[in-house]
Every structure is written in structure tokens, then in C-alpha cells.
Amino acid sequence: MNNLSPQRVMIVYRGRYHIREALDLETLAAVLRGAGRQVRFVYDPDCFGATDNVLQSALLARLLARPNRVPAAVASWEPDVILFQVLSNTYRWCLETAEHIKGQKAVPIVFMGLHPSLVPTHVMRHACVDYVIAGEMEGVVADLLEAIAGRRDVREAGSLYYRCGGEVKSTEPAKLVDLDALPLPDKDLFAPYVSHRSSYCAMVSRGCPYSCSFCEETCSKKLYGGKYFRRKSVDTVMAELAAGKQRHRFREVIFKDSYLSGNKAWLSELMGRYKKEIGAPFKCFCTVTGFDLETAQMLKDGGCYSVEFGLQTWNDEIRSKILNRRESSEDALAAFDCCSKARLRYDVDHMFNLPYESRDDHLLGVERYGQLEYLGRIKVHHLVYYPTADIVAHAMEAGDLPAGAVESLAEGHESDFYDQATGSAEHRKLVAGFAALYKVLPLLPRRVARWFAAGNRIRWLTWIPSPLMAVLQAVNALRCRDLRFAAYVSIYSRKVLHSILRSHTRSK
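For our numbering, add 399 to where a residue sits in the sequence shown, where the first one is 1.
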């Protein structure tokens, strides 16, 4: 082993930028660079691929693919250690890439992120993975790098899975990170790939106080217990936003936290300072529970132009018994009414493929959504099963998942929540039709929406090509003055043009 800690750390990530797991890497990079280590970031945006939440196209994904991206970077830069940020829907890709690297170079490989944290022993079955960080990584990586260099015992690093004498061993869970003690996120990490000027993404908390049966936050909470949810101080939040505003001159801020509302004293202080010191429009996520007119007005006055609520279904019984959600449909309607009174746009997350859902539930959604005055977009998702999520048991009881599903989920064989992989062929056609209808529902007169929803006509909507559906969603975003989504059409056009030009150059 070297007598110095590894100085050349490569971080590998595949997937979208606008999610927590990507933003966590910005903080990790700041921690590593602050400790004097060199960081090389290898990013596969997976444009049009399985992780793309706007437009999926197998043809365009292959056109843009660069399968040798990571191995080539390893060969040219020769890192001392490689950190993979792993999602459930990128787990197989990460394994294949790690195996390819191990065939060329004996370099320590660490898997971290949501999926390895949930099923670390499954991940360690694969010889290409040397270590798994199970949980928050910022407080663990430094100790692990010291252990890899032989300067300390690996058992002193918390939340770690490793091999010793051919057996998989684990250490005690590390303490939760003090969010206010972390450095400001290193926005240079993704700067070559995303525009922080158009939309600046910020995370001001971790976790969620609720325990929805399907949610990754609930799965993460199980690793640490009930105290997993915490927020940064307003001073810390404002320090980041002030630095971001000065450097990037952003047009809007997107708070990607699961839950920005709730603590009115904290929110009131944040909104007051945000309006005075930042002044840019912003989007955020809130919960129906506890959301009232005072909260809506506070957000509106602070500069919020859109709130996103996770409703998931209009079926109260499914929401309560299957999803473990407290709020009723009446609570949701009351929260949406508060937004309307404050003249505040809102989006709603709706989830398909829930256990025990029926066509009647989808028809109810058409009626309820059609009544909402200030509704911006209905964000359609399909239920994705995390291997340790409580909803897996409900799905097996309902017959939506086979008895051996947990093993398959642990190996990352299921699809992303922008695709659907469960149910009969007939059910999948029905869901695809209603999903398409929900995406364009705010653009349609109610009588037209009802006409499509009736009988077999709903299946006609599955014939809409994905590019056209993306354009229709962009039109709806323009209607709502949604700054980020409205820019997607031009962004994707540039990506396709870049791919064509690159392919043309290679062919010469």
C-alpha cells in the first residue's frame, strides 16, 4: 500500500442531474477537494435512456451512448480509487462498468448511494466491488481513503462493508452528518453538463418526517432511525444561495427537498431573507399535511411560482392502507384551494401501478384533476419498488410481484419510475393510456378528457409519439411559465444535433 492517502479520486455517475443523489455528489466533491484531494468526475447523463424523465428513446439513447467513457477515463487518469454513485436503475450498468475496469486495472472500487445502502450484502457478492458505503458518505469517505492507503484500520470507518479473509464484514453505522458543518456544494462538478444559470438546484434538508411505504426516504430512515430528517439553518442556506447568485447569476432556484414546508418559523425566516437577498423565482416541494393558506401566502410572497405536491392517488383507502399516507383527498383539495387563493401554481405527482388500483381510480383522477383551477402539471410516475420498501409486501399480497421479487429487486432488475414493468399486457395498455391523458389533461377541456377516458378510446393516446408528448408537456409548461421544463425542447435539440455532428466527424 502507499504511505499516503489516495489523492486521485474518480467519481462515476450515470443519470439525471435534478435529483438528490446527484446533488449529494457536489457536496462530496467539495469535501474531497477541501481535504486536498484531486477529483475527476466521469458523468454519463444517459440522455433519452432509462433514467431520462422527459423523453425516452432507445434509438436516440444508442446514438448518444459512449460505452467506453469510464474505462477510457480510468486508463488516462489512473485514479487511486473509484467511487460509483449507484441508483437502483443504474445498478446493472455500474456493475458492468466496474467489471470492465477490474479487467484492465487493479484499482479499489467503492459503491455508494441509495441502492448499495439498502442491500449492501447483495452488492458485495460481486467481486468487482471492494467496498460499500451504506448511508451518508461525506463523513465516511475520508476514513475509507485512509484505510485503503494503509494508514488506519478499515474497521474504524463507519457504515462500511468490506471483505476480510474472504468474508464480508461490516462496521457500526456512522453518525449522521451535521448539515451545517458541510462545505458549500461544488457546483463546478456538473457545470460542463448543466446550466446553473437557467436553474440552480439546492438541497436544504435531508430526509422526510413522514414514512410513505414506497419512498426512498423511508428506506434511508431505516438505516438511522427516526432522527434522519433534519434541515440546514437559514444562515447556511442563504450562504449557499448568495454564493450561487454571485457566481452563476441564476434565473430561478429549485429546492429539491422532499419537504420545504412544515416549520413555519424556519420557513418565514427563509422566505423573508430569500426575497430580500436573492429575489429570484423558485419552485419547491411541499406536503398536503399541514399546508394552509398562511404557508401558501408565505411561499408566494417569497417568490415561489410553483409548488409540487405528492398526492399519488385519489383513492383514500390505497393512500392510507397501502402508501401509509395520512392525508385524505379532502385534505388535498383544501391545500390546493389554499394555493388558488394565493394565486400560486402547483404541480401534482400521480403514481400508477399501485397495488389494488383500478380503472375507476383513474377515472376519478380525470374528474378531480379537471376541477383544479391553479393546477400546472400532473407529473406522472410509475411505482418503483425498492428492495427494502414496505410496499413490496403489499405488492406480493396483491399479486403484482412474485414471491421471489426481493432478490430480483436487490439485483436491480426492475424498471425506473418513468417506465412501467408490472401487471398484465392489458393493464399496462390501460395505464399507458391514462398516463398519457394525465400528462396533457390541463390543456384539454373537461368534456374532451372525459371522451378520451371512456371505453377503449383511452388506448388511442398510447399512439402519441414520445417526442410529440414531450412537446405537448413543454407547451403546458409555457402556459404555466415553468422556466425549467420550457427550456427542455431547446436543450434536447442541441443534444441531438451534437450527437449527429459527432457521429459525422467519427465517420470521416
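Ideal placement from N, C-alpha and C gives every residue a C-beta, glycine not left out. Fair warning: this is a prediction, and the values are worked out from it, not measured in the lab.
Using C-beta distances below 8 Å, list every residue in its chain close to residue i, excluding the 5 sequence neighbours before and after it, in chain order.
| i | result |
| --- | --- |
| Ser667 | Met697 |
| Asp730 | Val687, Thr688 |
| Arg551 | Asp542, Glu545 |
| Ala641 | Glu676, Ile677 |
| Lys911 | With the chain running from 400 to 907 in the structure shown, residue 911 is simply not present. |
| Cys738 | Ala695, Val706, Arg744, Tyr745, Tyr773 |
| His647 | Lys586, His595, Arg596, Tyr599 |
| Trp859 | Gly832, Phe851 |
| Gln406 | Gly435, Arg436, Gln437, Asp479 |
| Thr861 | Lys828, Ala831, Gly832, Ala835 |
Measure the Cβ-Cβ separation of residue i and residue j and say whether it is below 8 Å.
| i | j | result |
| --- | --- | --- |
| Tyr560 | Met523 | yes |
| Gly534 | Leu427 | no |
| Cys683 | His417 | no |
| Pro841 | Gly775 | yes |
| Ala699 | Arg650 | The amino acid at residue 699 is misidentified as Ala; the sequence shows Lys. Against a cut-off of 8 Å, the Cβ pair of Arg650 and Lys699 comes out as no contact. |
| Asp577 | Ser705 | no |
| His499 | Pro478 | no |
| Asp451 | Arg468 | no |
| Val480 | Val506 | yes |
| Cys851 | Leu829 | The question names Cys, but residue 851 is Phe in the sequence shown. No; because the gap between Cβ atoms is not below 8 Å, this pair is not in contact. |
| Glu425 | Lys675 | no |
| Phe613 | Leu482 | no |
| Leu422 | Met602 | yes |
| Ile777 | His749 | yes |
| Phe690 | Val747 | no |
| Gly661 | Tyr627 | no |
| Lys631 | Ser604 | yes |
| Cys527 | Ala497 | yes |
| Cys611 | Arg724 | yes |
| Ser347 | Ser456 | Absent from the structure is residue 347, since the part of the chain shown begins at 400 and ends at 907. |
Count the other CB atoms, across all protein chains shown, that sit within 10 Å of the CB of residue i; report buried if there are 16 or more and exposed otherwise.
| i | result |
| --- | --- |
| Lys568 | exposed |
| Asp634 | exposed |
| Cys879 | buried |
| Asn714 | buried |
| Asn488 | buried |
| His780 | buried |
| Cys563 | exposed |
| His812 | exposed |
| Glu566 | exposed |
| Gly624 | exposed |
| Lys838 | buried |
| Leu494 | buried |
| Ala788 | buried |
| Leu458 | exposed |
| Lys663 | exposed |
Less than 7 Å between the CB of residue i and some heavy atom of the ligand GDP, yes or no?
| i | result |
| --- | --- |
| Ala464 | By its list of ligands, the structure shown contains no ligand whatsoever, and the ligand GDP lies outside what it can speak to. |
Counting only the same chain and skipping the five closest in sequence on each side, list residues whose C-beta sits under 7 Å from that of residue i.
| i | result |
| --- | --- |
| Ala556 | Val539, Asp542, Leu543, Ala546, Thr570 |
| Lys504 | Val473 |
| Glu615 | Leu513, Tyr785 |
| Leu588 | Leu424, Glu425, Ala428, Phe440 |
| Gly702 | Tyr673, Lys674, Gly678, Ala679, Pro680, Phe681 |
Nearest-angstrom Cα distance between residue i and residue j?
| i | j | result |
| --- | --- | --- |
| Arg461 | Met868 | 21 Å |
| Arg629 | Ile863 | 43 Å |
| Leu581 | Thr617 | 23 Å |
| Gly549 | Thr712 | 52 Å |
| Arg465 | Arg849 | 44 Å |
| Gly854 | Val874 | 27 Å |
| Val765 | Arg596 | 36 Å |
| Thr520 | Phe510 | 12 Å |
| Ala834 | Arg415 | 21 Å |
| Lys501 | Trp492 | 14 Å |
| Leu692 | Leu659 | 15 Å |
| Ile508 | Trp476 | 15 Å |
| Val791 | Met670 | 39 Å |
| Asp760 | Val847 | 18 Å |
| Lys620 | Arg856 | 43 Å |
Assuming residue i and residue j are in contact, meaning their beta carbons sit under 8 Å apart, how far apart are those beta carbons, in whole angstroms?
| i | j | result |
| --- | --- | --- |
| Gln484 | Tyr530 | Their Cβ separation, rounded to whole angstroms, is 14 Å, which puts Gln484 and Tyr530 out of contact at 8 Å. |
| Pro584 | Ala802 | That belief does not hold up - the Cβ atoms of Pro584 and Ala802 are roughly 43 Å apart, past 8 Å. |
In its own chain, which residues sit with a C-beta less than 6 Å from the C-beta of residue i, not counting the 5 before and 5 after it?
| i | result |
| --- | --- |
| Pro786 | Leu517, Val518, Val805, Leu808, Ala809 |
| Gly448 | Ala460 |
| Val408 | Leu431, Arg436, Val438, Val480 |
| Ala797 | Pro754, Tyr755 |
| His793 | Ile721, Pro754 |
| Arg845 | Gly769 |
| Pro515 | Val485, Val522, Val531 |
| Phe735 | Leu771 |
| Arg767 | Trp713 |
| Glu639 | Leu583 |
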